[in-house]
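In this note's numbering, the protein residues as written are 58 to 477. Just so it is clear, CB atoms sit at the ideal spot from N, CA and C, and this is done for glycine as well. Here is the structure we will look at.
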Amino acid sequence: MSAMRTSRRFFLTGASALAAAFAAGHASAQDVIGDILKSSTRGNWDDQFDARANDTNKVASTLPIFSQQTVAFTEQAVAQYQNIVSQGGWEQVPATKKLQLGVDDPDVVPLRKRLMVSGDLPQSAGISTAFDSYVDSAVKRFQLRHGLPADGSMGKYTYAAMNVSAQVRLGQLQTNLQRLKEKAGTLGDRYVLVDIPAAQVEAVENDRVVLRHTAIVGKIDRQTPIVNSKINEIIVNPYWNAPVSIVRKDIIPLMRKDPNYLKDSHIRLFAPDGSEVDPMTIDWSTDDAAKYRFRQDPGSNNAMASVKINFPSPDGVYMHDTPQQSLFGKLLRFDSSGCVRVQNVRDLVTWILRDTPGWDRQHFEAAIKTGENTPIQVVNPVPVHFLYLSAWSTAPGVVQFRDDIYGLDGAQELQISSAQ
Numbered sequence: 058m059s060a061m062r063t064s065r066r067f068f069l070t071g072a073s074a075l076a077a078a079f080a081a082g083h084a085s086a087q088d089v090i091g092d093i094l095k096s097s098t099r100g101n102w103d104d105q106f107d108a109r110a111n112d113t114n115k116v117a118s119t120l121p122i123f124s125q126q127t128v129a130f131t132e133q134a135v136a137q138y139q140n141i142v143s144q145g146g147w148e149q150v151p152a153t154k155k156l157q158l159g160v161d162d163p164d165v166v167p168l169r170k171r172l173m174v175s176g177d178l179p180q181s182a183g184i185s186t187a188f189d190s191y192v193d194s195a196v197k198r199f200q201l202r203h204g205l206p207a208d209g210s211m212g213k214y215t216y217a218a219m220n221v222s223a224q225v226r227l228g229q230l231q232t233n234l235q236r237l238k239e240k241a242g243t244l245g246d247r248y249v250l251v252d253i254p255a256a257q258v259e260a261v262e263n264d265r266v267v268l269r270h271t272a273i274v275g276k277i278d279r280q281t282p283i284v285n286s287k288i289n290e291i292i293v294n295p296y297w298n299a300p301v302s303i304v305r306k307d308i309i310p311l312m313r314k315d316p317n318y319l320k321d322s323h324i325r326l327f328a329p330d331g332s333e334v335d336p337m338t339i340d341w342s343t344d345d346a347a348k349y350r351f352r353q354d355p356g357s358n359n360a361m362a363s364v365k366i367n368f369p370s371p372d373g374v375y376m377h378d379t380p381q382q383s384l385f386g387k388l389l390r391f392d393s394s395g396c397v398r399v400q401n402v403r404d405l406v407t408w409i410l411r412d413t414p415g416w417d418r419q420h421f422e423a424a425i426k427t428g429e430n431t432p433i434q435v436v437n438p439v440p441v442h443f444l445y446l447s448a449w450s451t452a453p454g455v456v457q458f459r460d461d462i463y464g465l466d467g468a469q470e471l472q473i474s475s476a477q
């Protein structure tokens, strides 16, 4: 037990010192890469065998992405990466093997050096060919900072994120720092944020994240737009009206393959005058059906499942539940047609309805069970912001990077999802 405490202290001291040196711009930071290159070698697994020392949870924070403190930490991160770039950056890590805990391989040496430069691995871990628990913890920390599953395994997307050059990462930080400065501190005391590249939702109150949700956002060809609005309505057991884009791209082709698709999906067809139309009377070989309204009845198969979160938007987007819960476990969560699907959405809705009389969690859940379409007007509408931020920092030495899914940061290698 004492050995564990010692190694934990060892790691935290080393990592904190490295982060502090970068953030404060100490002279020692200027030599950090040189120190790493001259770092002592380690031969045996049992020299410092237990590095679960690294507390990966330190990457998480209740500090909102768009806070003034985040601006200050991101400015520190820019200084840190300027130091790294001025010293030549980091070397590429050979991306030819699936390195993971227990492996002993020469490629672990450049991996260790890369993780040391970015502050994920303490210099006290030394240089070795062993992928030990120090490296495992460091890789998990790196993955958490880049929005990747923290499994400790070096796979395609981890290599792709790791081998983006320090110069490009510096540019990404500088670009996003400007976005941060424009919006930080302006979103209100209580609001919902959707960070599009992070595919993440934050419910913020008094400059603290009280809820954080995994999300699904728009595909590259059906992008989630920037939104600044107020949530004014919750619809329990919503009808789903298919957007024209989905009718053209998805529903019409599906009807050509399976004439029973609309019936099986509980989707009704309505003419412009409001009258219901029999799908069998439509010529599906053309796009004429796009002039009709496609409305899916409430139910377990509804595209929005149990609830829809409404707000005024020129693009007609909204937030909602989904029957496809498995999508939230995907690495790349850019799967929607522009709207935002929210995991554990009932928690978020309960928070939004806090000031709306008669709509506590118990009443809300009971309404879902009825299966009836129920609109609820939100008392004290909650501001909602869909914004685009792919790099920030919420703590000293903890720099967050995400996939530049829509290519707005200006460097192809930042679009990690396109890694082959």
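Give me whichever residues DSSP pairs with residue i in a beta bridge.
| i | result |
| --- | --- |
| tyrosine 248 | Val261 |
| aspartate 161 | Ala187 |
| alanine 207 | Alanine 207 is not bridged to any residue. |
| lysine 197 | Lysine 197 is not bridged to any residue. |
| leucine 268 | Ala260 |
| arginine 398 | Ile273 and His377 |
| asparagine 233 | Paired residue(s): none; asparagine 233 is not in a bridge. |
| tryptophan 297 | Gln353 |
In this structure, does DSSP put residue i in helix, strand or coil?
| i | result |
| --- | --- |
| lysine 287 | strand |
| proline 336 | helix |
| glycine 176 | coil |
| arginine 350 | strand |
| arginine 169 | helix |
| tryptophan 408 | helix |
| asparagine 437 | strand |
| lysine 276 | coil |
| glycine 146 | coil |
| phenylalanine 327 | strand |
| aspartate 368 | Residue identity check: residue 368 is phenylalanine in the sequence provided, not aspartate. Here phenylalanine 368 sits in coil by DSSP. |
| phenylalanine 443 | strand |
| threonine 427 | helix |
| proline 9 | There is simply no residue 9 to check, as the chain begins at 58 and stops at 477 in what is shown. |
| threonine 131 | helix |
| valine 455 | strand |
| alanine 255 | coil |
| isoleucine 122 | coil |
| threonine 113 | Confidence in threonine 113 is poor, its pLDDT being 43 and thus under 50, which makes the residue's placement too unreliable to answer from. |
| alanine 152 | coil |
| proline 141 | For the record, residue 141 in the displayed sequence is isoleucine; it is not proline. Correct three-state label for isoleucine 141: helix. |
| isoleucine 292 | strand |
| alanine 448 | strand |
| serine 393 | strand |
Would you mind working out which of the options sits nearest residue i, comparing C-alpha positions?
| i | options | result |
| --- | --- | --- |
| aspartate 344 | Val304, Asp189, Leu156 and Leu446 | Val304 |
| valine 293 | Ser370, Ile433, Ala117 and Ser118 | Ile433 |
| aspartate 278 | Val397, Gln469, Ile462 and Gly245 | Ile462 |
| arginine 171 | Ile141, Asp189, Thr153 and Leu158 | Ile141 |
| phenylalanine 357 | Gly428, Asp412 and Asp417 | The residue asked about is misnamed: residue 357 is serine in this sequence, not phenylalanine. Closest option to serine 357, Cα to Cα, is Gly428. |
| glutamine 126 | Gly467, Leu465, Ala468 and Pro453 | Pro453 |
| serine 394 | Ser302, Tyr349, Leu227 and Leu465 | Ser302 |
| glutamate 148 | Gly228, Ala129 and Val221 | Val221 |
| tyrosine 138 | Leu230, Ser124 and Asp193 | Leu230 |
| leucine 444 | Val135, Lys238 and Phe421 | Lys238 |
| lysine 365 | Pro167, Pro329, Asp460 and Leu410 | Leu410 |
| arginine 202 | Val192, Tyr191, Thr215 and Ser190 | Thr215 |
Label residue i either buried or exposed according to how many other C-beta atoms from any shown protein chain fall within 10 Å of its C-beta, with 16 as the threshold for buried.
| i | result |
| --- | --- |
| leucine 156 | buried |
| tryptophan 102 | Residue placement at tryptophan 102 cannot be trusted, given a pLDDT of 41 that sits under 50; the coordinates are not used to answer. |
| glutamate 259 | buried |
| lysine 314 | exposed |
| isoleucine 283 | exposed |
| glycine 481 | Here the chain has residues from 58 to 477 only, and residue 481 is not among them. |
| methionine 337 | exposed |
| arginine 398 | buried |
| threonine 243 | exposed |
| proline 310 | exposed |
| glutamine 280 | buried |
| proline 329 | exposed |
| valine 548 | No answer is possible for residue 548: the residues shown for the chain start at 58 and end at 477. |
| asparagine 233 | buried |
| aspartate 412 | exposed |
So residue i and residue j are in contact, right, with Cβ under 8 Å, and what is the actual spacing, rounded?
| i | j | result |
| --- | --- | --- |
| serine 363 | aspartate 378 | 5 Å |
| isoleucine 288 | valine 251 | That belief does not hold up - the Cβ atoms of isoleucine 288 and valine 251 are roughly 11 Å apart, past 8 Å. |
| phenylalanine 368 | valine 441 | 5 Å |
| aspartate 161 | lysine 154 | So it is not a contact: roughly 12 Å between Cβ atoms. |
| alanine 223 | glycine 275 | Not confirmed; about 30 Å, so no contact. |
| serine 370 | serine 286 | 6 Å |
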